[in-house]
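In order, the protein sequences belong to chains D and E. Our numbering numbers the first residue of the first sequence as 65 and each following residue consecutively. Our numbering numbers the first residue of the second sequence as 7 and each following residue consecutively. In what follows, a single structure is set out as C-alpha cells and then discussed.
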Amino acid sequence: MKVPISVTVNERQHELLIDPRLTLVYLLRENLGLTGAHVGCATGNCGACAVRLDGRTVKSCSILAADVSGSSITTIEGLSSSARDLHPIQQAFVENQGLQCGFCTPGMVLSTLQLLEQNPDPTEDEVRHAISGNLCRCTGYQFVVQSILAAAEKVRAGAPA
Amino acid sequence: MLSTDFQFFAPTALDEALALLHEHQDGGKVLSGGMSMMPAINLGVLRPTAIVSLNHVPGLDGLEDAGDHLRIGGLVRHHVVQSDPLVRAHAPLLAQAASVIADVQVRHRGTIGGSVAHADPSADYLPVLVALDATVELASASGTRDVRAREFFVDVMMTALALDEIVVGLRVPKVPAEGGSAYVRLARVEGSFAIACAAAVAVGDRVSLGVGGAVPTPVHLDVTCDGSEASLDAAAEAAFQACEDAYGDLNGSAEYRRAMARVYARRAIQQALAARG
Numbered sequence: 065m066k067v068p069i070s071v072t073v074n075e076r077q078h079e080l081l082i083d084p085r086l087t088l089v090y091l092l093r094e095n096l097g098l099t100g101a102h103v104g105c106a107t108g109n110c111g112a113c114a115v116r117l118d119g120r121t122v123k124s125c126s127i128l129a130a131d132v133s134g135s136s137i138t139t140i141e142g143l144s145s146s147a148r149d150l151h152p153i154q155q156a157f158v159e160n161q162g163l164q165c166g167f168c169t170p171g172m173v174l175s176t177l178q179l180l181e182q183n184p185d186p187t188e189d190e191v192r193h194a195i196s197g198n199l200c201r202c203t204g205y206q207f208v209v210q211s212i213l214a215a216a217e218k219v220r221a222g223a224p225a
Numbered sequence: 007m008l009s010t011d012f013q014f015f016a017p018t019a020l021d022e023a024l025a026l027l028h029e030h031q032d033g034g035k036v037l038s039g040g041m042s043m044m045p046a047i048n049l050g051v052l053r054p055t056a057i058v059s060l061n062h063v064p065g066l067d068g069l070e071d072a073g074d075h076l077r078i079g080g081l082v083r084h085h086v087v088q089s090d091p092l093v094r095a096h097a098p099l100l101a102q103a104a105s106v107i108a109d110v111q112v113r114h115r116g117t118i119g120g121s122v123a124h125a126d127p128s129a130d131y132l133p134v135l136v137a138l139d140a141t142v143e144l145a146s147a148s149g150t151r152d153v154r155a156r157e158f159f160v161d162v163m164m165t166a167l168a169l170d171e172i173v174v175g176l177r178v179p180k181v182p183a184e185g186g187s188a189y190v191r192l193a194r195v196e197g198s199f200a201i202a203c204a205a206a207v208a209v210g211d212r213v214s215l216g217v218g219g220a221v222p223t224p225v226h227l228d229v230t231c232d233g234s235e236a237s238l239d240a241a242a243e244a245a246f247q248a249c250e251d252a253y254g255d256l257n258g259s260a261e262y263r264r265a266m267a268r269v270y271a272r273r274a275i276q277q278a279l280a281a282r283g
C-alpha cells in the first residue's frame, strides 16, 4: 500500500507516492537521485546519512520517508550549485584536506553548518562535540577539526553560512 | 527498502492514534523519534506489522510550568529538553541528562516519551525521573492513567505500558529553590550508552538518588548525607547494595558496572550537595 507524501527538498517541492518501507535516505538517493547522503551503518551511529530536516541535522537512515510529509529537507546538494561554487564550509574542507575517501564528508559539512549557526566561534573542544555523531574511518579527525575551525573563520569573516 | 512489510499510519489527532494502536496492538508499534526503533527495524530484529506515528499528532510536544512541577509532552525532543529555560531552571539534572544522549542529530529527533517507553536500562532520563519522583501519563483508547516513574520500569525494555497505550507526557517535580541536583554518567566514548549513571536531588541533607545503566531498571534510594567523606561513603555503599541485580554486557561485566554504580552515585550526591541554592 503506497502512501502520498509532500516534501520540499533543497527548495523544490515534490508530491510523491511511496512505499512506506522507504527510509528518508533511500527516498533521497533512489527516488530523487540525491546521492550525497550515504548509508553507512543504518543504525543511527555513523552520521553519513545526515541531512537537515526543518533546519536541524538528523540521521536519515533512521527516519521513515512517509513520516516527514510536510517537511523541508536540505541535503549536501542544497549547499552549492557546482564544484566552482562551493559553500565556504565545503571550501574549508577542500583547503584543509578535511576529506580522504569522502564518505563521511557530507555529514561532517552539515554538522559544521549546524554548529556554526549556533556558535560561530567554537573552540576545538566544541567542534569535537559537534561531530561526535559523525564517524570518519580515514583521517583520525585532525584535518576534519582543522577544516571546521577554518570554516568558522571564513564564516566570521563574512562568508554566508 | 526495509524488508519488513508494515502498514503505516500518520494520524493527526490523539484519539485517532489511540484507536489505530488499539486496532493494531497485535504486532503494531508506536513511532515517535524512532532513534531506537528504526535501527532495530533496519537490522531486522524488530518486525512490526503496523506503525502508528505520533509525529503529526498535535498537542504532544508541549512543555509548561505547572506550579510545583513541569509538564513535558511525550513528543518533546531531547534537544528541547536540553536547552529549554524552564527545564534548565527547575530540573537542571534533566537538561543535563538530555544533553548527553547519543549525539546532536539523535537529540534533534529522539523524544522523551519514546525514551521512557523504550526503557533501555542505560537511557539517561531514567535515573533522573526516579530521583525526581516523576509521574508518567499514559493514554489508550479506553482512557488515561498515571504511573509513578518509580513503578513504571518493570525489567529490561519492559514497562507498565499496555500494548495499546502510549506515553503522552510526564509530570516532573521541580527541584526546590534551596535544593541542588546533578546527573553523571560513565560511557566508553561520548554518545555511548551509559555503563553506569546516577542522578541526585539534594534538599538539606536529604538526597533522592537514582542509579541506572548498571541495572535492568533504575534503582531509587533516599539517603541522608551531610557531605562528609564518611556520609558519602555510606551513601555510595547503599547504592552499591541496591544494585545487586547489576548485569553484564559487551560494555562491562556485572561486577564492573556495580562497582561503577557506587562511584557515580557518590559523584552525583557530592555534586548535588555542592549545587544547593
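Glycine is no exception: its CB is placed at the ideal position from the N, C-alpha and C atoms. On a predicted model such as this, the values are computed, not experimentally measured, just so you know.
Please list, in chain order, all residues of the same chain as residue i whose beta carbon is under 6 Å from its beta carbon, the five residues on each side excluded.
| i | result |
| --- | --- |
| glutamine 210 (chain D) | Asn160 |
| arginine 113 (chain E) | His84, His85 and Ile107 |
| glycine 283 (chain E) | Ala183 and Glu184 |
| glutamine 277 (chain E) | Ala188 |
| alanine 100 (chain D) | Looking at the sequence shown, residue 100 (chain D) is not alanine but glycine. Closer than 6 Å at the Cβ level, and outside the excluded window around glycine 100 (chain D), lie Thr139, Ile140, Glu141 and Pro170. |
| glycine 116 (chain E) | Gly39, Met41 and His84 |
| phenylalanine 14 (chain E) | Ile57 |
Compare the C-alpha of residue i against each of the options and name the closest.
| i | options | result |
| --- | --- | --- |
| leucine 92 (chain D) | D:Ala221, D:Thr138 and D:Arg120 | D:Thr138 |
| alanine 16 (chain E) | E:Ala236, E:Ser38 and E:Val86 | E:Ser38 |
| valine 122 (chain D) | D:Glu217, D:Leu177, D:Val191 and D:Lys66 | D:Leu177 |
| isoleucine 140 (chain D) | D:Gly108, D:Met65, D:Gly171 and D:Tyr90 | D:Gly171 |
| aspartate 32 (chain E) | E:Ala240, E:Val269, E:Glu171 and E:Ala220 | E:Glu171 |
| valine 122 (chain E) | E:Gly283, E:Gly218 and E:Glu243 | E:Gly218 |
| alanine 56 (chain E) | E:Gly34, E:Leu135, E:Gln88 and E:Gly50 | E:Gly34 |
| leucine 138 (chain E) | E:Thr117, E:Leu176 and E:Val162 | E:Leu176 |
| leucine 27 (chain E) | E:Ala168, E:His114, E:Leu81 and E:His85 | E:Ala168 |
| alanine 46 (chain E) | D:Ile127, D:Asn95, D:Tyr90 and D:His102 | D:Ile127 |
| aspartate 239 (chain E) | E:Thr10, E:Gly65, E:His30 and E:Arg273 | E:Arg273 |
| alanine 200 (chain E) | E:Leu144, E:Pro133, E:Asp228 and E:Ser237 | E:Pro133 |
| glycine 210 (chain E) | E:Val87, E:Asn257, E:Gly233 and E:Ala204 | E:Gly233 |
| cysteine 165 (chain D) | D:Ala147, D:Arg76, D:Arg148 and D:Phe207 | D:Phe207 |
| histidine 254 (chain E) | E:Ala202, E:Ala281, E:Pro54 and E:Asn48 | Residue 254 (chain E) is actually glycine in this sequence, not histidine. Considering only alpha carbons, the answer is E:Ala202. |
| isoleucine 195 (chain D) | D:Ala129, D:Pro68 and D:Ala112 | D:Ala112 |
| phenylalanine 157 (chain D) | D:Leu213, D:Val71, D:Asp131 and D:Val132 | D:Leu213 |
| leucine 86 (chain D) | D:Val103, D:Gln77 and D:Arg76 | D:Val103 |
| leucine 256 (chain E) | E:Val51, E:Asp228, E:Ser128 and E:Val207 | E:Ser128 |
| arginine 191 (chain E) | E:Tyr270, E:Ser42, E:Gly40 and E:Met41 | E:Tyr270 |
| leucine 52 (chain E) | E:Asp11, E:Leu66, E:Asp90 and E:His30 | E:Asp11 |
| phenylalanine 186 (chain D) | D:Arg120, D:Arg201, D:Ser133 and D:Val219 | With the sequence shown as reference, residue 186 (chain D) is identified as proline, and phenylalanine is not the correct amino acid for it. Per the Cα distances, D:Val219. |
Spell out the partners DSSP gives residue i in its beta bridges.
| i | result |
| --- | --- |
| valine 158 (chain D) | Answer by DSSP bridge pairing: none, since valine 158 (chain D) is not bridged. |
| histidine 226 (chain E) | E:Gly216 |
| serine 196 (chain D) | Serine 196 (chain D) pairs with nothing; no bridge assigned. |
| phenylalanine 15 (chain E) | E:Val58 |
| alanine 214 (chain D) | DSSP lists no partner for alanine 214 (chain D). |
| serine 136 (chain D) | D:Thr72 |
| valine 190 (chain E) | E:Ala204 |
| proline 179 (chain E) | E:His75 |
| arginine 83 (chain E) | E:Thr117 |
| valine 67 (chain D) | D:Ile82 |
If you follow the beta strand (DSSP E) that residue i is in, where does it begin and where does it stop?
| i | result |
| --- | --- |
| threonine 141 (chain E) | 141-146 |
| threonine 121 (chain D) | 120-123 |
| histidine 75 (chain E) | 75-79 |
| lysine 35 (chain E) | 34-37 |
| tyrosine 262 (chain E) | Tyrosine 262 (chain E) -> not in any beta strand (DSSP E); alpha helix (DSSP H) instead, spanning 260-280. |
| aspartate 161 (chain E) | 159-161 |
| glutamine 77 (chain D) | 76-82 |
| glycine 149 (chain E) | 149-154 |
| valine 115 (chain D) | 114-117 |
Give me, in chain order, the residues of the same chain whose beta-carbon lies closer than 7 Å to that of residue i; leave out the 5 immediate sequence neighbours on both sides.
| i | result |
| --- | --- |
| leucine 92 (chain E) | Leu69, Asp71 and Leu76 |
| alanine 23 (chain E) | Pro17, Val58, Leu60 and Val63 |
| histidine 96 (chain E) | Leu76, Lys180 and Val181 |
| isoleucine 153 (chain D) | Val173, Thr176, Leu177 and Ala215 |
| glutamine 88 (chain E) | Ala101, Ala104, Ser105 and Arg113 |
| cysteine 249 (chain E) | Val217, Ala220, Val221, Val225, Arg264 and Ala267 |
Apart from the five residues just before and just after residue i, which ones in its own chain have a Cβ nearer than 8 Å to its Cβ?
| i | result |
| --- | --- |
| asparagine 74 (chain D) | Leu98, Ile137, Thr138, Thr139, Glu141 and Gly142 |
| glutamate 157 (chain E) | Ala166 |
| methionine 65 (chain D) | Pro84 |
Looking at the unbroken alpha helix (DSSP H) that takes in residue i, where does it start and where does it end?
| i | result |
| --- | --- |
| alanine 101 (chain E) | 98-105 |
| histidine 30 (chain E) | Element bounds for histidine 30 (chain E): n/a, residue is neither H nor E. |
| serine 302 (chain E) | In this structure chain E extends from 7 to 283, so residue 302 (chain E) is not present and cannot be described. |
| valine 221 (chain E) | Note, valine 221 (chain E): premise wrong, no alpha helix (DSSP H); not H, not E. |
| histidine 134 (chain E) | As written in the sequence, residue 134 (chain E) is valine, which differs from the histidine given in the question. Residues 131-137. |
Q. Would the segment 90-104 of chain E and the segment 18-28 of chain E be scored as touching if the rule is three or more Cβ pairs under 8 Å?
A. Counting C-beta pairs closer than 8 Å gives fewer than three between the segment 90-104 of chain E and the segment 18-28 of chain E, which falls short of the contact rule.
Q | Contact the segment 103-117 of chain D vs the segment 106-117 of chain E: 3+ CB pairs below 8 Å | A | Touching, per the Cβ criterion.
Q. Counting Cβ pairs closer than 8 Å, one from the segment 148-160 of chain E and one from the segment 243-257 of chain E, do we hit at least three?
A. A contact is defined here as three or more CB-CB pairs under 8 Å, and the segment 148-160 of chain E fails this definition with respect to the segment 243-257 of chain E.
Q | Given 8 Å, three or more beta-carbon pairs between the segment 157-167 of chain E and the segment 79-86 of chain E | A | With the cut-off at 8 Å, the segment 157-167 of chain E and the segment 79-86 of chain E do not touch.
Q) Is the segment 214-230 of chain E touching the segment 260-271 of chain E, taking contact as three or more C-beta pairs under 8 Å? A) Yes, they touch.
**Q.** Proximal residues, the segment 134-167 of chain E versus chain A, C-beta separation under 7 Å
**A.** The displayed structure is made up of protein chains D and E, and chain A is not among them.
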